[in-house]
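Student: Let me begin by handing over the structure; questions about it come next.
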Ligand SMILES: [Zn+2]
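Given below as C-alpha cells:
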C-alpha cells in the first residue's frame with residue numbers, strides 16, 4: 001500500500017514538473033503552474049499544455065536576453081540579427097540607426113519642414129525659440145512660407161514668430 005502511495009506521489013509530482021515546464025515555455029508563472037499540476041495531476045498537466053502563450057512576457061524576456069529587438073517603425077518584436085523587419089519591411093542599417101539616434105540640430109525647423117503641425121506645437125510649448133535661425137539663416141516661419149503651409153504659418157505667427 002505504501003508503494004502505491006509513493007508511485008502516486010511521484011506521478012503527481014511529475015505532473016507538477018511537467019506543468020511548470022510547459023508554463024515556463026509559454027512565458028507564464030512556472031511555480032504557480034507546478035502547484036496546479038501537482039494538485040490536479042494529469043488534468044493540470046493537460047491544462048498547462050493548452051493554455052495560450054503570454055506573448056508579451058515571452059517577447060519581453062527575449063529582448064532582455066538580447067535574442068530579439070523591437071522594430072523602430074512598427075514596434076513589433078523581431079529577431080536580433082534581422083536586417084529587415086518581417087512585419088513592415090523597415091531596413092536596419094548602421095546609417096539608419098545613427099540618424100535616428102542623433103538629436104536633430106534644429107528640431108523646430110525640421111518639424112516645420114516636414115509639416116508636422118502637432119510636433120512643432122509641442123516643441124514651442126516645450127520652449128523652442130520660434131525665431132531661431134538655422135544654418136541657412138532661415139526662421140521656421142520662412143520655411144513654412146516656402147512650403148506654403150498656411151496652418152503652420154498661422155500657428156507660428158500666433159506663437160510670436162516675427163516677419164523679416
Ligand atoms: Zn517593423
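Residue numbers (UniProt numbering): 1 to 164.
Ideal Cβ placement from N, Cα and C applies to all residues, glycine included.
(1) Work out the CA separation of residue 30 and residue 58 for me, nearest whole Å.
(2) For the beta strand (DSSP E) that residue 68 lies in, which residues bound it at each end?
(3) Thinking residue 7 and residue 19 are a contact (beta carbons under 8 Å), I'd like their distance in whole angstroms, please.
(4) So, at 7 Å on beta carbons, what are the nonlocal neighbours of residue 54 in its own chain, with the 5 sequence-adjacent residues on each side left out?
(5) Among 61, 112, 39, whose alpha-carbon lies nearest the alpha-carbon of residue 133?
(6) Within 10 angstroms of the Cβ of residue 43, are there 16 or more other Cβ atoms? Answer buried if so, exposed if not.
(7) Answer with buried or exposed for residue 105, where buried requires no fewer than 16 other C-beta atoms within 10 angstroms of its C-beta.
(8) Closer than 8 Å to a non-hydrogen atom of ligand 3 - does that hold for the CB of residue 85?
(9) Which residues mark the beginning and the end of the alpha helix (DSSP H) in which residue 56 is found?
Tutor: On the basis of the coordinates in this document:
(1) Sequence index remark: in the chain shown, residue 58 carries index 58 (1-based). Sequence index remark: in the chain shown, residue 30 carries index 30 (1-based). Roughly 13 Å between the two C-alpha positions.
(2) As a position in the chain shown, residue 68 is number 68, starting the count at 1. Looking at the DSSP string, the run of the beta strand (DSSP E) that includes residue 68 is 68-70.
(3) Counting from one through the chain shown, the residue named residue 7 turns up at place 7. Counting from one through the chain shown, the residue named residue 19 turns up at place 19. Actually they do not touch by this definition, with Cβ atoms about 19 Å apart.
(4) Position 54 of the chain shown, counted from the first residue, corresponds to residue 54. The residues are 26, 27, 28.
(5) Here the question's residue 133 lines up with position 133 in the chain shown. Answer by Cα proximity: 112.
(6) Along the chain shown, read from residue 1 onward, the residue named residue 43 stands at position 43. It counts as exposed.
(7) By 1-based counting over the chain shown, the position of residue 105 is 105. Exposed, because fewer than 16 other Cβ atoms sit within 10 Å of the Cβ of residue 105.
(8) Ligand 3 is not part of this structure, which contains only ligand 1.
(9) Translated into positions along the chain shown, residue 56 becomes position 56. It spans 55-64 - the alpha helix (DSSP H) in which residue 56 sits, taken as one unbroken run.
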